[in-house]
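Data first, discussion second: the structure below is written as structure tokens.
Residue numbers (my numbering): 595 to 973.
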């Protein structure tokens with residue numbers, strides 16, 4: 595088949611790498627489209643280099659912008675490419691604006707759509723990612739779920755056809771690149787860090803970066819911890835920190851908190867594996883902490899990865915400084931290793947197998963009717 599894969603943000607490059615390799619090894623023609631949602635070297639190009647992802651066939655070059663503008667620009671530019679390429683399938687990953695725009699473009703053109711990481715729900719509609727997930731799932735023909743919880747979420751919304759429990763492609767990536775990272779990365783010695791002698795923090799979601807009170811609370815909590823905190827800072831987060839005019843000044847380190855530029859995937863894997871605790875609002879890092887058996891404190895009021903909480907490896911602290919500090923100080927390993935709730939590391943192979951088994955199927959009559967109604971409704 596001719597398959598278009600759409601990526602645009604750092605987490606999607608990681609999710610797509612095992613799938614891209616499996617598609618090409620199976621003889622499918624993959625057209626890789628980069629929307630340009632993340633575009634600087636540290637947030638984009640370094641991941642293609644380290645993960646061995648082929649250079650994108652098309653880069654839409656959308657860049658930054660408001661949610662509506664970014665989604666709209668991607669949708670318009672994608673439609674032109676899809677009309678030209680005429681793929682048999684479109685694959686989207688995760689829950690970003692690139693995901694939703696890719697889903698809508700395929701839906702409007704009645705191209706069968708596959709969603710990798712389908713069925714996730716945080717049940718927080720204040721987060722744009724939640725809207726992106728729900729809408730993408732309801733546009734999709736094939737839904738590849740990382741966990742049984744995700745399968746159940748879809749069933750609760752009336753989606754049962756085309757659903758496959760395959761596991762998590764990020765687990766595939768960690769297994770594939772973890773050993774390479776240990777051999778190649780010098781990040782610990784470069785930063786004079788001792789294994790389990792530091793905390794690792796990241797903040798990037800709009801829920802935290804675009805609400806000054808939330809961001810200030812998180813920074814205050816990090817400063818209160820009596821341990822070294824390494825904080826690779828997303829470009830948007832650094833800009834928001836500078837606007838606070840607080841102890842971090844123009845985005846510089848302060849006290850026990852060390853701000854650094856974003857790091858590549860291999861370096862981040864090593865930093866995660868060797869941290870004592872990870873503090874993050876990232877869904878991907880919650881999972882990677884789990885994969886490595888590192889306790890995690892989530893800087894949000896909820897998580898879509900409920901399995902990490904239910905098994906005791908993740909604590910939901912929100913943005914209250916006292917809750918963050920207490921959760922971090924009390925965090926420890928609840929067992930020798932986390933259970934295998936995200937599959938066995940063969941998600942990409944199962945995805946390709948499902949695509950192969952559906953290669954001769956067209957869109958179901960029910961979905962075709964739904965798509966036609968959407969298209970008629972758009973005028």
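The beta-carbon is built from N, C-alpha and C at its ideal position, and this holds for glycine as well.
In the three-state reduction of the DSSP assignment, residue 953 falls in the coil class, being assigned neither a helical nor a strand state. Apart from sequence neighbours up to five positions away, the residues of its chain that approach residue 918 with a beta-carbon distance below 6 Å are 815, 911, ordered along the chain. Taking every protein chain shown into account, the CB of residue 833 has fewer than 16 other CB atoms within 10 angstroms, so this residue is exposed. Its Cα nearest to that of residue 948, the residue 757 stands out among 757, 689, 802. Per DSSP, residue 874 is one residue of the beta strand (DSSP E) stretching across 871 to 874.
Beyond the five residues adjoining it in sequence on each side, residue 681 comes within less than 7 Å, by CB distance, of 596, 597, 598, 625, 705 in the same chain, given in chain order. Contact between the segment 763 to 780 and the segment 877 to 891 is present: three or more C-beta pairs spanning the two stretches fall below 8 Å. If you draw a straight line from the Cα of residue 647 to the Cα of residue 795, it is about 27 Å long. Counting the other CB atoms within 10 Å of its CB gives residue 916 a total below 16, which places it among the exposed residues. By the neighbour-count criterion, in which a residue is buried when 16 or more other Cβ atoms sit within 10 angstroms of its Cβ, residue 779 is buried. Between the alpha carbons of residue 839 and residue 850 lies a gap of roughly 18 Å. Look at residue 686 here: in three-state DSSP terms it is strand. Each residue's CA atom was taken as its position, placing residue 693 and residue 730 some 7 Å apart.
In the DSSP assignment, residue 739 forms a beta bridge with 759.
For residue 623, the uninterrupted beta strand (DSSP E) segment begins and ends at 623 to 628. Residue state for residue 892 is assigned as strand, using DSSP reduced to three classes. Excluding residues up to 5 positions away in sequence, 850 lie with their Cβ nearer than 8 Å to the Cβ of residue 820 in the same chain. Residue 612 has no beta-bridge partner at all, per DSSP. With 16 or more other Cβ atoms inside 10 Å of its own Cβ, residue 609 counts as buried. In terms of Cβ geometry, residue 678 and residue 709 do not form a close pair [threshold 9 Å]. Assigned with DSSP and collapsed to three states, residue 886 falls in helix. For residue 796, no alpha helix (DSSP H) run applies; the uninterrupted beta strand (DSSP E) run containing it begins and ends at 793 to 796, by DSSP. Annotation: the continuous alpha helix (DSSP H) that includes residue 806 extends over 806 to 818. With respect to the 9 Å criterion, residue 616 and residue 942 are classified as neighbours on the basis of their beta carbons. With a 10 Å radius around the Cβ and a threshold of 16 neighbouring Cβ atoms, residue 750 comes out exposed. One Cα belongs to residue 891, the other to residue 934, and the distance between them is close to 20 Å. When secondary structure is reduced to three states using DSSP, residue 706 falls in the coil class, being assigned neither helix nor strand. Taking residue 752 as the centre and dropping the five residues before and after it, the same chain places no C-beta closer than 8 Å to its C-beta. DSSP places residue 676 inside the alpha helix (DSSP H), whose first and last residues are 661 to 679. Residue range 915 to 924 is occupied by the alpha helix (DSSP H) that includes residue 919. Exposed is the label assigned to residue 929, since fewer than 16 other Cβ atoms lie within 10 Å of its Cβ. If you draw a straight line from the Cα of residue 888 to the Cα of residue 855, it is about 22 Å long. In the structure shown, the three-state DSSP call for residue 790 is coil.
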